[in-house]
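In what follows, a structure is listed as structure tokens, so that the remarks can point back to it.
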């Protein structure tokens with residue numbers, strides 16, 4: 620799966636709102652094109668959004684000249700104001716453009732920086748996959764892994780985060796099966812993760828989110844491996860709603876609960892999960908089902924039924940057997956500090972004990 | 620909500636496949652009519668199926684005479700062979716018919732027995748509601764309760780099981796809110812429980828199943844109250860898939876996890892949850908969403924995506940704060956035997972400690 624590719628000055632983006640049914644690439648030629656694709660979720664996943672926005676700014680500078688820098692920056696950052704990666708990437712590209720000496724190749728410098736960001740994200744995903752596979756491998760049997768939401772090439776350029784770990788295990792011949800939780804309300808597991816696993820040729824089975832705990836308790840899962848949106852300084856993890864129940868079930872069954880994410884998701888300024896505000900999204904996502912902003916949705920409850928729709932939940936550090944980053948593994952459940960990995964100190968690759 | 624009613628020799632059944640959008644009653648006039656309505660899930664919920672089947676046999680005897688007894692019995696029992704209540708109710712009605720002296724009113728005796736079963740189920744649900752409300756009330760605040768699946772008048776005649784407890788709390792002015800887990804794959808929570816709560820005028824909010832654990836951890840739920848399909852002799856509970864995760868979250872948060880069901884769901888011959896076979900249902904229920912056997916469903920994943928679809932899961936006794944029956948409360952998590960209630964020994968109505 621190639622979610623984004625640049626060819627002859629056009630950024631081609633796989634339209635994720637139409638997956639898995641239609642594989643359609645959108646040609647994006649300007650900052651406005653990219654911003655619109657991000658806003659309507661054709662491009663999603665925080666790292667992927669950042670890379671796309673970086674290219675968007677570079678494309679705009681090539682198209683319309685250096686004078687449009689500030690306006691284009693504004694358009695892109697406002698596409699989804701909550702995604703930090705987006706502003707970060709756009710600012711990096713803008714800075715590289717501003718540093719070009721008068722008469723120099725502003726657009727070229729911007730494009731080079733956008734490519735650099737893209738390359739860094741790809742490298743982080745690949746490194747993280749190897750680190751995670753080293754941690755999980757050698758269990759004495761091919762692993763049956765449970766995952767949640769989408770953490771592959773559609774969420775982060777290259778191989779993704781948790782799906783990079785899973786793909787690496789598969790490549791080493793140490794994976795038996797992936798159980799994919801569908802991930803209501805927006806069904807990223809059912810729509811996107813099964814699509815990616817099929818393309819990768821990795822055996823998988825789809826389940827409803829509520830089935831995970833019972834299957835874990837029944838001994839049908841060897842490890843839970845999923846991504847994260849933000850990791851607090853104490854090791855508490857914010858991730859897609861439904862994650863915490865999987866963590867409780869893993870702990871009760873004594874199997875490893877492994878969270879994969881680049882170091883950029885660790886937030887040293889956030890002391891604990893209590894400080895992470897949980898975004899409440901539209902009630903319509905619960906009342907109906909279907910591709911986000913896509914046609915053909917289905918109502919599940921009577922109009923006017925009130926809903927709660929927290930988009931994330933918090934898994935306390937004591938349930939996180941391992942946090943897998945591109946720089947190494949940290950074991951919050953064993954009392955290791957997630958900040959150690961930011962200091963460049965890899966906390967080692969010990970095997971899971973299966974007792975946390 | 621009246622799921623079943625007998626009027627002028629016709630059994631009117633609310634067609635549950637069309638709820639909550641259309642409230643249509645089906646006129647059932649024969650054993651075959653009733654069997655067909657059960658098979659296509661127009662009538663569902665083990666106790667409700669039993670009552671309907673009892674009436675079905677009585678209607679058939681009135682319509683076609685005592686000679687059809689064995690044939691009609693066969694048709695009804697085969698409508699859904701796994702539902703024990705169905706065979707039990709049909710056999711009771713058949714026995715009452717066979718006991719009529721030659722020349723006596725066979726159809727009248729059968730109808731009287733069917734009415735008796737109906738009345739017993741209604742009485743059990745009402746008693747159970749009072750017992751459960753006694754157990755939960757007096758917490759010092761109006762309760763915010765989380766429930767799963769459908770356990771109201773659409774599942775059992777009268778007031779149902781867990782929803783009977785919830786309605787009783789509401790009637791006493793001790794209920795603030797019901798959080799309803801949608802209950803994928805068949806969405807009995809989203810479709811049926813919200814419908815019943817709206818009719819009862821009880822405040823409620825719908826959530827996806829994966830959101831329950833995070834909301835419980837965030838202190839937004841005072842008790843989990845749900846039904847059961849089978850209770851093993853050691854107190855392990857089989858219930859709709861997704862139940863176990865709610866139990867883990869309740870235990871982690873220190874709130875009561877309350878299971879409501881009539882004594883008939885306790886199976887003394889089944890020593891523990893390990894002996895309960897979990898039914899695996901059609902993969903289509905996971906791959907698609909929509910009313911069962913209804914039109915207008917929506918595909919959620921690519922055709923050919925393999926799925927696992929366990930219909931139930933097992934919650935170990937140690938997580939069951941209270942089992943609420945029509946004869947009283949038992950506290951499996953505190954080591955009390957669920958068999959004690961079968962001996963007519965009520966285990967008392969102590970308040971939950973909130974520490975299990």
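Residue numbers (my numbering), protein chains in the order written: chain A, 620 to 975; chain B, 620 to 975. Glycine included, each C-beta is placed from N, C-alpha and C at the ideal position.
Buried or exposed, going by whether 16 or more other CB atoms sit within 10 Å of the CB of residue i?
i              : result
residue 643(B) : exposed
residue 718(A) : exposed
residue 829(B) : buried
residue 861(A) : buried
residue 906(A) : buried
residue 879(B) : buried
residue 955(A) : buried
residue 962(A) : exposed
residue 627(B) : exposed
residue 911(A) : Because the pLDDT of residue 911(A) is 49, which lies under 50, any placement of that residue in the model is unreliable, and the number read from its coordinates should be weighed accordingly. When all chains shown are included, residue 911(A) counts as buried.
residue 901(B) : exposed
residue 714(A) : exposed
residue 960(A) : buried
residue 875(B) : buried
residue 896(B) : exposed
residue 757(A) : exposed
Below 7 Å on C-beta distance, what does residue i contact in chain A?
i              : result
residue 821(B) : Going along chain A, no residue has its Cβ under 7 Å from residue 821(B), so there is no contact; the nearest lies around 12 Å.
residue 804(B) : 827
residue 875(B) : In chain order: nothing, as chain A lies at least about 17 Å away.
Out of curiosity, what's the CA-to-CA distance linking residue i and residue j?
i               : j              : result
residue 678(B)  : residue 785(A) : 59 Å
residue 652(B)  : residue 638(B) : 20 Å
residue 826(B)  : residue 947(B) : 31 Å
residue 634(A)  : residue 771(A) : 15 Å
residue 725(A)  : residue 773(A) : 30 Å
residue 760(B)  : residue 840(B) : 12 Å
residue 795(A)  : residue 789(A) : 8 Å
residue 1050(B) : residue 940(A) : In this structure chain B extends from 620 to 975, so residue 1050(B) is not present and cannot be described.
residue 831(A)  : residue 800(A) : 7 Å
residue 903(A)  : residue 920(A) : 10 Å
residue 848(B)  : residue 881(B) : 10 Å
residue 965(A)  : residue 943(A) : Residue placement at residue 965(A) is poorly supported in this model, since its pLDDT is 41, which falls under 50; the coordinates are not used for a value here.
residue 797(A)  : residue 762(A) : 8 Å
residue 673(A)  : residue 710(A) : 8 Å
residue 604(B)  : residue 838(A) : Only positions 620 to 975 of chain B appear in the structure, and residue 604(B) is not among them; the question remains open.
residue 649(B)  : residue 667(B) : 17 Å
residue 922(B)  : residue 640(A) : 9 Å
residue 664(A)  : residue 669(B) : 50 Å
Please confirm if residue i has its CB atom under 8 Å from at least one CB of chain B.
i              : result
residue 826(A) : yes
residue 908(A) : yes
residue 860(A) : yes
residue 642(A) : no
residue 932(A) : yes
residue 847(A) : no
residue 773(A) : no
residue 663(A) : no
residue 817(A) : yes
Check whether the Cβ of residue i lies closer than 8 Å to any Cβ atom in chain A.
i              : result
residue 646(B) : no
residue 905(B) : yes
residue 975(B) : Low confidence applies to residue 975(B): its pLDDT is 29, below 50, so where it sits in the model is not reliable enough to give any reading.
residue 917(B) : yes
residue 801(B) : yes
residue 890(B) : no
residue 951(B) : no
residue 881(B) : no
residue 639(B) : yes
Since residue i meets chain B, which of its residues come closer than 8 Å, beta carbon to beta carbon?
i              : result
residue 813(A) : 920, 921, 924
Listing by chain order, which chain A residues have their CB less than 8 Å from the CB of residue i?
i              : result
residue 867(B) : 832, 864, 867, 868, 871
residue 927(B) : 798, 824, 825, 826, 830, 834
Which residues in chain B sit within 9 Å of residue i, going by Cβ to Cβ distance?
i              : result
residue 809(A) : 905, 906, 919, 920, 924
Report yes or no: do three or more beta-carbon pairs, one from the region 731-749 of chain B and one from the region 769-785 of chain B, lie closer than 8 Å? With a cut-off of 8 Å on Cβ pairs, the region 731-749 of chain B is in contact with the region 769-785 of chain B, counting three or more such pairs.
Please determine if the region 886-902 of chain A and the region 863-872 of chain A are in contact, where contact requires at least 3 C-beta pairs separated by less than 8 Å. As far as the Cβ criterion goes, the region 886-902 of chain A does not touch the region 863-872 of chain A, which means the pair count is below three.
When you compare the region 806-818 of chain A with the region 728-741 of chain A, are there three or more beta-carbon pairs, one atom per stretch, that lie closer than 8 Å? Here the region 806-818 of chain A makes no contact with the region 728-741 of chain A; the two share fewer than three CB pairs at distances below 8 Å.
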